[in-house]
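Chains A, B and C, in that order, are what the protein sequence lines are.
Numbering-wise, the numbering used here puts 192 at position 192 of the first sequence, and it's gapless, one number per residue.
Numbering-wise, the numbering used here puts 323 at position 68 of the second sequence, and it's gapless, one number per residue.
Numbering-wise, the numbering used here puts 547 at position 96 of the third sequence, and it's gapless, one number per residue.
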Amino acid sequence: MAYEICLDSFKGPLDLLLHLIRKHEMDIYDIPIAEITAQYLATLEVMQSLNLDLAGEFLLMAATLLQIKSRMLLPQDREENEEAEEPDPRTELVNRLLEYQKYREVACCLESLPLLGRDVFVREVTPAEEGRPQDESPEWEPVGLFELVAAFHRVLSGREEEAVHEITREHLSVTERIYQILEALSDTPCLAFSEILADVVSRSHIIVTFLAMLELVRMRLARLMQHNPDHVIWIYAVDGGETVSVAEGQIFGYS
Amino acid sequence: MVTAELKCIVESLLLVAHSPVKADTVALILGIEESRAVLCLEQLYDDYATGYRGFVVCRVAGGYQFRTRPEHAEWIRKFRRSRPFRFSRAALETLAVVAYRQPVTRAEIDYLRGVDSSGVVRTLLDRHLIRILGKKDVPGKPVIYGTSREFLALFGLADLTGLPTLKEFNELPPEMLSELEVGSQTQIASDDGFLA
Amino acid sequence: MVTAELKCIVESLLLVAHSPVKADTVALILGIEESRAVLCLEQLYDDYATGYRGFVVCRVAGGYQFRTRPEHAEWIRKFRRSRPFRFSRAALETLAVVAYRQPVTRAEIDYLRGVDSSGVVRTLLDRHLIRILGKKDVPGKPVIYGTSREFLALFGLADLTGLPTLKEFNELPPEMLSELEVGSQTQIASDDGFLA
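This is the structure:
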C-alpha cells in the first residue's frame, strides 16, 4: 500500500481519521469500523517504522477504535433490544469527527483574514511620541490573569535562585557517610534501607548514602539482603567489620 | 463646533492613536455626544473606503484604526524589512476552538482537538491572543479561556460576531460534553468584555 | 505601474514609517526612478495641503512625514493624556504578590521581590487596587495589605478563588516556539497595534 501522504503532518488522531475517511471515500455517518481501524493501524505502523514520535493520543485512538469494533461485533441481546435500543458505539466518535472538522475548516478561514503585521499594517507610535500618561489617568490598561500569575511566578522563581546562595550546602563525603552507617550498624545486626535514609532530605544526601552503601558492600563491610522483590532492603554488618578502618584514599572516585 | 472641523480633529486622533480609537474616548476628549463621535468616525470610514487611498479606516476591536490595504502588503513588508509570519495549524485550530467555544477549559480544547494542547495554549497566552477569564464553577475549578482584544486586532475583527460562520456539519450533542460542561456559543455574543 | 497606484503605495508607506520617508528609499523599494518618487511625494504633499484634513505631509529632515496640524495640538495632548495607565513590571509584580500572599506586610513584599516596594505599594493604594486590611499582631504592628474590589473588577473576577494557581501555571509547559512558525514573531509581541 502506498502512503503518498506526509505522515508527520497530522495534527492528531482526529485529523488522521478524517484524512482516511476522505481518502477512502467512506460515509462519515456510517463508518465501516473494521476498515477504518485497519487503515488507521496500518498508518500507525508506517509512522512507527519511520521512527516518527507517536504521541500517546494516536495510540489511545487505536484502542478506542478497537473497542468500538469489538462492541459492534457483540451479538445484541434480543430481549434487551426491545426495551431500549443500544446506542451505536460509533456515535461519539462520529460526532467528535464532525465537530473537529468544523474547527479545522474555520481555522483556514481565520488564516485567510487580513492579519495585522502580515497583510495589513498600522502606524507604530514611538514611545517618545506617546509621551507619559498623566497620573490622573483614570483607567488601567487591561492586563490579564495570565500576566498576573506569570508575574507572581517570576517573583517566586527569582527568590529560589537567590536562596541557593544563602543556604550553605552541607558537604557530605561518601567516606563520612560510610563511617556513619558503620557506626549505626555497631549497635544492631541490621538496618532497614529506609531507616538509613530516614533523616536524609536532600537529593545529594540520598545519592551520597547510596554510594556509601555500595562502597560498603564492595569492601565487604556490609551485605545487602532482600527477602522478596519489592520488600524491605536490609543492610547487615559483616562480622568483624568494626576492626576494619577505612582510609580516605581507599575510596576511589568519590569525595 | 462645525462637523467638518470635528471630523478633522477625529482624523488627527486616528493618526496619533497607538490603538483602535473608541467612540466614547472621542466623545470624552472633545466633549461631545457619543452618537456624534460615532457619526464622525463612520463618516471617516466611508470617506476612506470610497476614495482610492493608501490606507483605510478599519472597525477593529471595538474601535477605529487606520490600516493599510492587504494588496500593498508586499511593498510594506519590503519597506519594513519584515518577513511574513505563519501560524501553525495547531495554533489556528486552538484559536478557533477558543474563539467559538469560549469560555472553554483546557480539557474541552483537548477533547475537541483530540490532542494535548497545553503547549499551544501557553504560546497563545504568551502572545496575548487568548486570556484566562477565570475559573469554571464546577468541581476542580478548571481555568477557563477566552480570546483577547489582541485576537480581534490581529484578525481585524470589530467584535466576536465578525468571526467567520462555522459551517454546521452536526452539532455535538450536549450530553456528550456534559462532563466537560462546554459553554454555549450564545455566550460569545453576550459577553460584554468582548464587545466595544 | 500607473501613477495613481504608485501614489497610493507611497501614501501607505508614509503611514507605517517610523521616520521621515526619503525619496531615494521609496525609489529603491518600488524599483522606480528617484525623480518619479519625488513627484509622488510632492503630489501627496499638495493633496494634503489643499484638502482640509486632520494631518498634512511635512518636509522634514530630508524626507516626508505625516504630521498633525498645530491648531489641533491641544486636543491631541488631551487625547494622549487620556491613555490608560499601563502597568509597569514592578507594579504588576507587587500586585501579584499582594494578590497571592494576602494578607501581606510591606516587609514580606520587599523580601519576595528583593527590592524596596514602598513607591509601588503607594501607587497601587492610590489607585485602589490594593487596600489596608489592618495591622498584623506582631511586634511593630506592621500594616497588612490585600486586594480590593477594584482589583477583582479589573481582572474580571467574581472572587479571589478565580485566581489561577501557580500549579495551573506550571502545568502549561514553557512556550513552544514551533507552534507559531518563527518569522516575525517579535512583531506580534511588540506591535503596538495589538494593545487595545
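Note that beta-carbon positions come from the ideal geometry of N, C-alpha and C, so glycine has one too.
Strand pairing of residue i, partner residues [DSSP]
{"i": "Ile583 of chain C", "result": "C:Tyr596"}
{"i": "Ala150 of chain A", "result": "Answer is none; Ala150 of chain A lacks a bridge partner."}
{"i": "Ala237 of chain A", "result": "A:Ala222"}
Option in the options with minimal Cα separation from residue i
{"i": "Thr305 of chain B", "options": "B:Arg291, B:Ala292, B:Arg324", "result": "B:Arg324"}
{"i": "Arg338 of chain B", "options": "B:Leu350, B:Glu329, B:Ala345", "result": "B:Glu329"}
{"i": "Lys69 of chain A", "options": "A:Val143, A:Ala151, A:Leu93, A:Pro13", "result": "A:Leu93"}
{"i": "Gly613 of chain C", "options": "A:Pro89, A:Gly144, A:His153", "result": "A:Gly144"}
{"i": "Gly318 of chain B", "options": "B:Leu421, B:Pro358, B:Asp414, B:Arg344", "result": "B:Asp414"}
{"i": "Gly369 of chain B", "options": "A:Leu113, A:Glu176, A:Leu97, A:Val120", "result": "A:Leu97"}
{"i": "Arg528 of chain C", "options": "B:Asp392, B:Leu285, B:Arg382", "result": "B:Leu285"}
{"i": "Arg294 of chain B", "options": "B:Phe321, B:Val393, B:Tyr366, B:Lys262", "result": "Looking at the sequence provided, one finds Leu at residue 294 of chain B rather than Arg. When only C-alpha atoms are compared, the closest one is B:Lys262."}
{"i": "Gly309 of chain B", "options": "C:Leu464, C:Leu479, C:Gly505, C:Ser599", "result": "C:Leu464"}
{"i": "Glu336 of chain B", "options": "C:Thr545, C:Glu522, C:Thr616, C:His469", "result": "In the sequence as displayed, the identity of residue 336 of chain B is Arg instead of Glu. Of the candidates C:Thr545, C:Glu522, C:Thr616, C:His469, the one whose C-alpha sits nearest the C-alpha of Arg336 of chain B is C:His469."}
{"i": "Thr402 of chain B", "options": "B:Gln320, B:Arg382, B:Tyr366", "result": "B:Arg382"}
{"i": "Gly12 of chain A", "options": "A:His24, A:Thr37, A:Leu59", "result": "A:Leu59"}
{"i": "Ser568 of chain C", "options": "C:Pro590, C:Pro593, C:Leu580, C:Ala542", "result": "C:Ala542"}
{"i": "Ala362 of chain B", "options": "B:Phe340, B:Glu348, B:Glu289, B:Ile399", "result": "B:Ile399"}
{"i": "Asp392 of chain B", "options": "B:Glu266, B:Thr360, B:Val315, B:Leu299", "result": "B:Thr360"}
{"i": "Phe121 of chain A", "options": "B:Arg404, B:Leu409, B:Ala292, B:Glu405", "result": "B:Leu409"}
{"i": "Glu111 of chain A", "options": "B:Glu288, B:Ala282, B:Arg344, B:Glu266", "result": "B:Arg344"}
{"i": "Gln298 of chain B", "options": "B:Ala259, B:Gly374, B:Gly411", "result": "B:Ala259"}
{"i": "Val511 of chain C", "options": "C:Val549, C:Leu492, C:Pro554, C:Leu617", "result": "C:Leu492"}
{"i": "Pro554 of chain C", "options": "C:Phe517, C:Gly570, C:Leu608, C:Pro593", "result": "C:Pro593"}
{"i": "Pro75 of chain A", "options": "A:Asp88, A:Leu65, A:Thr64", "result": "A:Asp88"}
{"i": "Arg104 of chain A", "options": "A:Leu221, A:Leu18, A:Met213", "result": "A:Leu18"}
{"i": "Leu421 of chain B", "options": "A:Phe193, A:Tyr100, A:Ser157, A:Val174", "result": "A:Tyr100"}
{"i": "Leu113 of chain A", "options": "B:Val265, B:Pro419, B:Ile264, B:Val353", "result": "B:Pro419"}
{"i": "Val353 of chain B", "options": "B:Leu407, B:Asp302, B:Ala292", "result": "B:Leu407"}
{"i": "Cys302 of chain B", "options": "B:Ala282, B:Gly374, B:Glu266", "result": "Per the sequence shown, the amino acid found at residue 302 of chain B is Asp instead of Cys. Measuring from the Cα of Asp302 of chain B, the nearest candidate turns out to be B:Glu266."}
{"i": "Val311 of chain B", "options": "A:Glu176, A:His24, A:Arg123", "result": "A:Arg123"}
{"i": "Tyr29 of chain A", "options": "A:Ala55, A:Asn95, A:Glu35, A:Glu45", "result": "A:Asn95"}
Helix, strand or coil at residue i according to DSSP, with G and I counted as helix
{"i": "Leu335 of chain A", "result": "An answer regarding residue 335 of chain A cannot be provided, because it is not within the stretch 1 to 255 covered by chain A."}
{"i": "Leu191 of chain A", "result": "strand"}
{"i": "Phe334 of chain B", "result": "helix"}
{"i": "Phe536 of chain C", "result": "strand"}
{"i": "Ala468 of chain C", "result": "coil"}
{"i": "Ile31 of chain A", "result": "coil"}
{"i": "Ala55 of chain A", "result": "coil"}
{"i": "Thr545 of chain C", "result": "helix"}
{"i": "Val265 of chain B", "result": "helix"}
{"i": "Thr556 of chain C", "result": "strand"}
{"i": "Ser629 of chain C", "result": "Because the pLDDT of Ser629 of chain C is 43, which lies under 50, any placement of that residue in the model is unreliable, and the number read from its coordinates should be weighed accordingly. It is helical."}
{"i": "Leu116 of chain A", "result": "strand"}
Nearest-angstrom Cα separation, counted from residue j out to residue i
{"i": "Val238 of chain A", "j": "Tyr179 of chain A", "result": "14 Å"}
{"i": "Gln379 of chain B", "j": "Thr91 of chain A", "result": "Before going further, note that residue 379 of chain B is Leu rather than Gln in the sequence given. Whole-angstrom Cα-Cα distance: 32 Å."}
{"i": "Pro275 of chain B", "j": "Leu388 of chain B", "result": "22 Å"}
{"i": "Ala444 of chain B", "j": "Val467 of chain C", "result": "Low confidence applies here, because Ala444 of chain B scores a pLDDT of 33, under 50, leaving its location unreliable and the question unanswered by this model."}
{"i": "Val376 of chain B", "j": "Leu623 of chain C", "result": "8 Å"}
{"i": "Glu195 of chain A", "j": "Ile235 of chain A", "result": "10 Å"}
{"i": "Arg22 of chain A", "j": "Ala474 of chain C", "result": "55 Å"}
{"i": "Tyr551 of chain C", "j": "Lys390 of chain B", "result": "16 Å"}
{"i": "Phe10 of chain A", "j": "Phe530 of chain C", "result": "49 Å"}
{"i": "Tyr300 of chain B", "j": "Cys313 of chain B", "result": "7 Å"}
{"i": "Ala547 of chain C", "j": "Phe620 of chain C", "result": "13 Å"}
{"i": "Asp27 of chain A", "j": "Arg341 of chain B", "result": "33 Å"}
{"i": "Arg386 of chain B", "j": "Ala38 of chain A", "result": "41 Å"}
{"i": "Leu182 of chain A", "j": "Ala62 of chain A", "result": "55 Å"}
{"i": "Glu326 of chain B", "j": "Tyr307 of chain B", "result": "12 Å"}
{"i": "Gly591 of chain C", "j": "Leu563 of chain C", "result": "20 Å"}
{"i": "Val281 of chain A", "j": "Val208 of chain A", "result": "There is no way to answer for residue 281 of chain A, as the model of chain A reaches only from 1 to 255."}
{"i": "Ile31 of chain A", "j": "Phe321 of chain B", "result": "50 Å"}
{"i": "His205 of chain A", "j": "Val174 of chain A", "result": "9 Å"}
{"i": "Leu115 of chain A", "j": "Asp15 of chain A", "result": "25 Å"}
{"i": "Glu601 of chain C", "j": "Val155 of chain A", "result": "23 Å"}
{"i": "Ser290 of chain B", "j": "Thr349 of chain B", "result": "37 Å"}
{"i": "Leu185 of chain A", "j": "Gln226 of chain A", "result": "17 Å"}
{"i": "Pro142 of chain A", "j": "Leu66 of chain A", "result": "49 Å"}
{"i": "Ile460 of chain C", "j": "Ala478 of chain C", "result": "12 Å"}
8 Å Cβ cut-off: residues of chain D touching residue i
{"i": "Val312 of chain B", "result": "Absent here is chain D; the protein component of the structure consists of chains A, B and C."}
Identify every run of the beta strand (DSSP E) within the region 476 to 518 of chain C, keeping only runs that are complete inside it and at least 3 residues long; order them along the chain. 506 to 511
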